[in-house]
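In terms of the numbering used here, the sequence shown opens at residue 154 and continues consecutively.
In this text, a Cβ means the ideal position worked out from N, Cα and C, and glycines have one as well.
Nothing here was measured: the structure is a model prediction, and the numbers come from that model.
One structure is given below, encoded as structure tokens.
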Amino acid sequence: MHPRYCPWSFHTVMMLQYFGKVEPPVTQVTLKQITGKIKSLEKENRELAENISAWKQKTNDAKKCLEKTIRQKKVLSEEALKFKNLKTIEKDNEYLNDMIQIARAKLQAARDQNAKRLRSVRVWLLC
154 MHPRYCPWSF HTVMMLQYFG KVEPPVTQVT LKQITGKIKS LEKENRELAE NISAWKQKTN
214 DAKKCLEKTI RQKKVLSEEA LKFKNLKTIE KDNEYLNDMI QIARAKLQAA RDQNAKRLRS
274 VRVWLLC
């Protein structure tokens, strides 16, 4: 093989001779460590499940509160409409009371005039 095509360079060969063959460290995991990790993950899963359950409950409570608020808004809107109608009725009532007073005044004026005419007719008849 030609030296140009050699996959190992001179520096690489020198480093391997000086440092020795470098391999990644092998870590051994004991059964106790695996069991501890599994227990830790199970605990984390339980906590996450509890958190999910708590958030679901909060969501349901918020939905119920929203529905209650919507019902209250509807009732209040109906009450406001009743008050608006009541104000309209009160204004109509005031107008009708004014018309009644005017009619009473005209009636009283007509009565007074009729009484005056009746007196003048009596006087004329007596003469």
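Beta-carbon proximity list for residue i, same chain, < 6 angstroms, skipping 5 on both sides
| i | result |
| --- | --- |
| K269 | none |
| G189 | none |
| W277 | none |
Between the CA atoms of residue j and residue i - distance to the nearest angstrom
| i | j | result |
| --- | --- | --- |
| L201 | L194 | 10 angstroms |
| R275 | A263 | 18 angstroms |
| S273 | D265 | 12 angstroms |
| E231 | N267 | 53 angstroms |
| T241 | T222 | 28 angstroms |
| K209 | Q181 | 42 angstroms |
| K216 | A233 | 25 angstroms |
| G185 | K192 | Looking at the sequence itself, residue 185 is Lys, so the reference to Gly does not match. Approximately 10 angstroms, taken between the alpha carbons. |
| E197 | R224 | 40 angstroms |
| C218 | K211 | 10 angstroms |
Neighbourhood of residue i by C-beta distance below 7 angstroms, restricted to the same chain and skipping five residues each side
| i | result |
| --- | --- |
| M154 | Annotation note: pLDDT 48 at M154 (below 50); position unreliable, coordinate value reported separately. The answer is none, since no qualifying residue turns up. |
| S206 | none |
8 angstroms CB neighbourhood of residue i in its chain, flanking five on each side removed
| i | result |
| --- | --- |
| A256 | none |
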